[in-house]
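Student: Input: one structure, supplied below.
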Amino acid sequence: MKYRAVKGMNDILPEEAERFALVERTFRATVERLGFRELRTPIVEELGLFHKSTGETSEVVQKQMFLLDREREKLALRPEGTPSAARVYIGQSQWAKEPITKWYYIGPMFRAEQPQRGRYRQFHQAGCELYGDPGPLADAEMMHMLYRMTVELGLVGTTLELNSLGGSEARVEYRQRLKAFFSAKLETLSPHAIERLEDNPLRILDSKDPRDIAASEGAPILLDCLSEEDKTHFGEVCAALDELGTPYRVNPRLVRGLDYYTRTCFEISAQTGEIGSQNAILGGGRYDNMIAALGGENVPAIGFAMGLERILLAMPEAKTQSSSLCFFAPLGARAGRAALKLADQLRTQGLTVEVDGRDTSLKAKLRRANSLAAHVAVVLGETELDAGQAQLKLLAEHAQKDVPLSELVETVVRAFEGVRTP
Ligand code: HAM
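Quick note: the sequence shown uses the numbering used here, first residue 416, plus one each step.
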């Protein structure tokens, strides 16, 4: 019997892992420039944590949890990173807390979904959480940073959409208005939406069912229920984004699928590459009540998470190709030793170098250099060694030249100028 990976959980082979690493490096560099520091938490948590934060009425908690039953412990694989970070934040002793805390995390998340392109049961998120700043500038700065990151990743044609969900009072009022609106159209709703009418009518607006989409036509708008403070906050978020020149679109129907959001919420979607219908590459927002609801103090918070698989589907191929390899094809033992030494010197200069020491033909070695998409190959045989030189092949340009061994390191390093190193 041959074993396979579990449905919706993917092996990530080296070529793909390099693409992941590239996105992770860009993410780390971007968020560290804004003062976020890395947090690593376990992938298993107490189930109750997600009930209390992600929310009893969210699809994730209702239908998508991977549960682990261990005698009396009720555990779950984390479906998202926000609750774990909040748990750590609350657990820190009071004196250890700065007025503002900024954390980021990267890791696998688990949701028992129906797998399709861009929707998996194990997927990877890179996210940030910021605690202690209630102001609109924090919201705008985070969204602007994300816009910049999408540009750096080569994701053209992305859209940043935002909305304000208001505070709890606005939500209570909005819920009532929505309930009244949809109750009058009960017979046109999907069975799923009818169930949601009681516990969370906002989710009907998020439904992909054509009956619910049609029924949502003309539904009340949340922005109309906002308090004066909520409106001012949202206005200032938009004004700061305008000042920064961040392109965005206010979408009054954006509600997000998790229960904890308050005020600003946002999503970025992409139309590029092979992304298809699961095109939300990241989402986030403010959750000013969660820390207190989990037993902490009254501390405001905002964050986001991006789906690495979806970012990779949206990224243009050229952006993720690595051509930074220097390949040595030595022929014979003496040339092999010389190649090891030169490779060592090149690695100290920051290059990625492979020496093909197999006892095979030059043709076989060069075939491998091509399949690894090496940028240059250095051919070193006994004759070359005796003449004190090597043959340098610039593979992308289909050119070659003889280079004195004493100048080889310098010449190879120069050949890599302007080539992206991963
Ligand atoms: P979320 O919208 O549930 O938010 O997920 C964030 C991103 O994770 C999505 O935009 C998508 O790119 C990716 N994602 C979600 N589910 C899947 C899946 N099944 N397969 C592949 N990718 C997926 C959160 O998780 C919040 N914790 C974000 C946040 C942080 N809000 C405040 N702080």
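Cβ coordinates follow ideal geometry from the N, Cα and C atoms, glycine included.
Every value quoted in this text rests on a predicted model; they were computed, and no experiment measured them.
With a threshold of 7 Å, establish whether the CB of F442 neighbours any heavy atom of the ligand HAM.
Tutor: No, the Cβ of F442 stays beyond 7 Å of every heavy atom of the ligand HAM.
Student: Could you give the distance in angstroms between the alpha-carbon of L620 and the alpha-carbon of C543?
Tutor: Each residue's CA atom was taken as its position, placing L620 and C543 some 27 Å apart.
Student: Roughly how many angstroms separate the alpha carbons of L787 and P429, rounded to a whole number?
Tutor: 12 Å
Student: Express the C-alpha separation of I706 and D484 in angstroms, rounding to a whole number.
Tutor: 27 Å
Student: DSSP three-state call for P837: helix, strand or coil?
Tutor: Low local confidence applies: a pLDDT of 45 at P837 is under 50, so the model's placement there is unreliable, and no value is given.
Student: For the putative contact between Y676 and L545, defined by C-beta atoms under 8 Å, what is the C-beta separation to the nearest angstrom?
Tutor: Their Cβ separation, rounded to whole angstroms, is 14 Å, which puts Y676 and L545 out of contact at 8 Å.
Student: DSSP three-state label for Q760, please.
Tutor: Residue state for Q760 is assigned as helix, using DSSP reduced to three classes.
Student: Beta carbon of A720: closer than 7 Å to some heavy atom of the ligand HAM?
Tutor: yes
Student: Output the distance between the C-alpha atoms of E825 and L746, rounded to the nearest integer angstrom.
Tutor: One Cα belongs to E825, the other to L746, and the distance between them is close to 22 Å.
Student: Do L709 and K467 have their C-beta atoms closer together than 8 Å?
Tutor: yes
Student: For the beta strand (DSSP E) holding G700, just list the boundary residues, first then last.
Tutor: A695 to R701
Student: Starting from the N-terminal side, write out each stretch of the beta strand (DSSP E) that is 3 residues or longer and does not extend beyond the stretch 654-701.
Tutor: 679-685 and 695-701
Student: Between R752, G751 and L740, which lies nearest to Q764 when the distance is taken from Cα to Cα?
Tutor: The shortest C-alpha separation from Q764 is found at L740.
Student: Straight-line CA distance for H813 to R749?
Tutor: Within the model, the alpha-carbon separation for H813 versus R749 is close to 27 Å.
Student: What is the DSSP secondary structure of V791, counted as helix, strand or coil?
Tutor: If DSSP states are grouped into helix, strand and coil, V791 belongs with the strands.
Student: Please confirm whether G698 and E724 have their CB atoms less than 8 Å apart.
Tutor: no
Student: What is the residue span of the alpha helix (DSSP H) that G542 lies within?
Tutor: In the DSSP assignment, G542 falls outside any alpha helix (DSSP H) and within the unbroken beta strand (DSSP E) covering Q537 to Y546.
Student: For a quick check, are the C-beta atoms of Q540 and G496 less than 8 Å apart?
Tutor: yes
Student: Between E799 and A805, which are expected to be in contact by the criterion C-beta below 8 Å, what is the C-beta distance as a whole number of angstroms?
Tutor: 5 Å
Student: Is it a yes or a no for the stretch 681-695 touching the stretch 575-593, going by three-plus beta-carbon pairs under 8 Å?
Tutor: yes
Student: Along the beta strand (DSSP E) that carries E588, what are the first and last residues, could you check?
Tutor: Note, E588: premise wrong, no beta strand (DSSP E); alpha helix (DSSP H) at S583 to S598.
Student: Here's the rule I'm using: 16 or more other beta-carbon atoms within 10 Å means buried, otherwise exposed. How should R618 be labelled?
Tutor: buried
Student: Indicate whether R678 and D645 have their beta-carbon atoms separated by less than 8 Å.
Tutor: yes
Student: In chain order, what are the residue ranges of uninterrupted beta strand (DSSP E) at least 3 long that sit wholly in the stretch 707-746?
Tutor: 716-722 and 740-745
Student: Compute every distance between the C-beta of Q540 and the non-hydrogen atoms of the ligand HAM, then say whether any falls below 7 Å.
Tutor: Answer for Q540: yes, Cβ within range of the ligand HAM.
Student: Shorter than 7 Å, the distance from the beta carbon of L454 to the closest heavy atom of the ligand HAM, or not?
Tutor: no
Student: Ordered along the chain, which non-local residues of its own chain (more than five positions away) have a Cβ less than 6 Å from that of F742?
Tutor: E769, A784, A789 and A792
Student: Classify E513: buried if its beta carbon has 16 or more other beta carbons within 10 angstroms, exposed otherwise.
Tutor: Counting of Cβ neighbours within 10 angstroms places E513 among the exposed residues, the total staying below 16.
Student: State the DSSP-derived secondary structure class of V770, mapped to helix, strand or coil.
Tutor: strand
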